[in-house]
Every structure is written in structure tokens, then in C-alpha cells.
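**Student:** In UniProt numbering, the protein residues as written are 1 to 261.
C-beta: ideal position from N, C-alpha, C; glycine also.
Being a predicted model, the structure only gives us computed values, none of them experimental.
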């Protein structure tokens with residue numbers, strides 16, 4: 001198993017969380033309009049993937065459709081074509097895009113950070129179809145791209161399927177009250193024990209937990225540290241004392257003059 005380096009582009013321009021969404025301007029999260037706005041502004045982009053009934057990767061954060069579309073049911077109960085007929089709220093008719101559509105929209109112009117949502121439900125080994133759909137979409141993609149997940153098993157599977165794409169772990173303080181997981185599993189995952197097992201090359205860590213010694217240990221070993229989710233300039237300044245780059249939303253993060261986008 002290789003450990004591909006995270007491209008430097010991921011450490012320069014701030015990364016727009018779920019793309020540059022702003023419903024007041026008709027740009028829902030993870031929508032093509034939010035993707036286009038992020039590209040135009042020169043930001044990196046973070047997106048989320050879920051699996052459809054027919055085994056396709058679509059760009060959508062939640063398992064349930066209701067919050068973002070008003071429609072009942074789950075992503076997993078619908079085909080990609082059916083989801084393509086369900087309008088996003090506040091999106092001027094936009095629907096749920098596939099990963100292939102987003103890749104075509106970005107076209108390598110800015111770095112793309114792809115989070116695969118846990119399909120097992122308990123951070124377990126029941127993974128594979130979403131990783132396969134992701135690998136299939138990415139195999140010929142030309143541009144800075146990286147994948148990550150809270151579930152280490154998903155990243156182990158991505159290593160098997162497409163070893164040349166940089167992999168990371170989305171990491172957290174795993175507060176027991178915040179996660180519908182067994183407390184002992186939260187305690188296990190909190191210390192990022194699977195970093196080497198999955199051949200990870202970076203982490204994206206919860207901003208409020210950046211002072212964790214394990215994060216400092218990884219950074220000292222040369223591991224790029226990203227963080228989520230920053231919502232103000234003040235929070236950004238605090239996070240950058242540890243993190244190499246931020247994932248942000250809700251304000252205009254500054255792009256360094258040295259950034260190449």
C-alpha cells in the first residue's frame with residue numbers, strides 16, 4: 001500500500017465546506033451552483049458522497065432527503081435518476097448532482113476534497129459499493145483530488161481500489177453525546193489509531209479539538225492537518241495555530257496571495 005502525498009494545493013487556498021453555499025444567493029450546499037461559485041472565487045472545495053439505490057455516488061451530505069429537499073425518504077432508497085428529479089430547497093430548480101457531474105464542473109481547476117459518508121452505520125467493515133463508485137468516477141480525473149472518511153474501513157477499501165489517490169481520515173473528539181456509536185468505539189477512534197493501517201496521508205480534524213496531543217504528534221511527523229468547520233475569521237486565526245488549512249463556511253475566508261488556487 002502506497003501513501004500518496006497530499007498535493008500542495010490543499011494547503012494554500014481555504015476549502016469551502018460543502019462548496020461555497022449560500023441559500024440567500026440561491027446556492028444550496030453541495031450544489032452545482034455552489035461548486036461553480038467556489039471555482040470562480042479560487043477556493044478549494046469539500047463535498048460529501050452518498051450511495052444511491054443503483055450504486056451511484058451522488059453529492060449530498062445527509063442520509064435523509066428532507067432537510068435539503070423537503071422530500072421524504074433516504075438517498076439510498078432512490079436511483080440517481082430519481083434524485084436528479086428532486087429539487088434542492090432554495091436552489092432555483094437545481095437537483096442532487098452525481099459525482100461525475102461535479103467532476104466535470106470542477107475539471108481540475110481547484111483542489112477537490114471528497115468525503116465518503118459512512119455507509120456501515122457504525123464505522124464498521126460493511127463498506128465497498130460507495131468506494132467502488134467513487135473509484136470508478138475518479139480513475140481518469142485530472143486534477144488535485146483527495147478522499148477522506150470518518151470510517152477508516154472506507155479508506156482501506158479506497159487504498160485497495162485506487163491506491164494512487166491521497167487518502168485521509170476525517171477525525172473528531174468523538175464526544176459521546178454527539179455520536180450514535182458505542183462509547184468504547186468513540187474512545188478508540190478519538191486517538192486516530194488507523195492512520196497508518198489505511199495508508200492515510202492527512203487528517204481533517206474537528207476544529208474545537210485541535211489541541212489534542214495525537215494531532216500534534218501527527219503534525220510533528222510531517223502529516224498535513226486540515227480542520228473543520230470554521231465559521232469566522234476569529235476562529236480561523238485560532239485554528240491556523242495548529243492546522244495547515246481550514247474548511248470554512250458562512251464568511252469569506254481570505255485566499256493567501258501566494259495561493260495558486
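Return the first residue and the last residue of the alpha helix (DSSP H) that residue 138 is part of.
**Tutor:** Per DSSP, residue 138 belongs to the alpha helix (DSSP H) from 129 to 138.
**Student:** Whole angstroms are fine: how far does the CA of residue 137 sit from the CA of residue 158?
**Tutor:** Using only the alpha carbons, I get a separation of about 12 Å.
**Student:** Going by DSSP in three states, residue 24 sits in which element: helix, strand or coil?
**Tutor:** Note: residue 24 maps to helix in three-state DSSP.
**Student:** Inspect the beta-carbon positions of residue 141 and residue 103 and report whether they are closer than 8 Å.
**Tutor:** Cβ atoms of residue 141 and residue 103: closer than 8 Å.
**Student:** So residue 153 is in the beta strand (DSSP E); what residue range does that whole segment cover?
**Tutor:** Per DSSP, residue 153 belongs to no beta strand (DSSP E); it is in the alpha helix (DSSP H), 152 to 161.
**Student:** Is it the case that the CB of residue 113 approaches a heavy atom of the ligand ADP more closely than 7 Å?
**Tutor:** As presented, the structure is devoid of all ligands, the ligand ADP included, so that no description of it is given.
**Student:** Could you check where the beta strand (DSSP E) with residue 276 kicks off and where it finishes?
**Tutor:** No answer is possible for residue 276: it lies beyond the span of the chain, which begins at 1 and ends at 261.
**Student:** Which residues mark the beginning and the end of the alpha helix (DSSP H) in which residue 242 is found?
**Tutor:** Looking at the DSSP string, residue 242 is not in any alpha helix (DSSP H), and its letter there is neither H nor E.
**Student:** Is it true that the CB of residue 168 sits closer than 8 Å to the CB of residue 146?
**Tutor:** In contact: residue 146 and residue 168 (Cβ atoms closer than 8 Å).
**Student:** Ignore the nearest five residues each way along the sequence and tell me which others in residue 251's own chain have a CB closer than 8 Å to its CB.
**Tutor:** Cβ within range, chain order: 231, 232 and 233.
**Student:** Measuring alpha carbon to alpha carbon, tell me which residue in 135, 82, 188 and 84 is nearest residue 150.
**Tutor:** Residue 150 has its Cα closest to that of 188, out of 135, 82, 188 and 84.
**Student:** Going by DSSP, what residues sit across from residue 46 in a beta bridge?
**Tutor:** Answer is 17 and 113.
**Student:** Considering Cα atoms alone, identify which of 15, 39 and 81 is closest to residue 204.
**Tutor:** Residue 204 has its Cα closest to that of 15, out of 15, 39 and 81.
**Student:** So, using beta-carbon positions, are residue 185 and residue 117 closer together than 8 Å?
**Tutor:** Against a cut-off of 8 Å, the Cβ pair of residue 117 and residue 185 comes out as no contact.
**Student:** Going by the CB atoms, is the gap between residue 192 and residue 208 shorter than 8 Å?
**Tutor:** Against a cut-off of 8 Å, the Cβ pair of residue 192 and residue 208 comes out as no contact.
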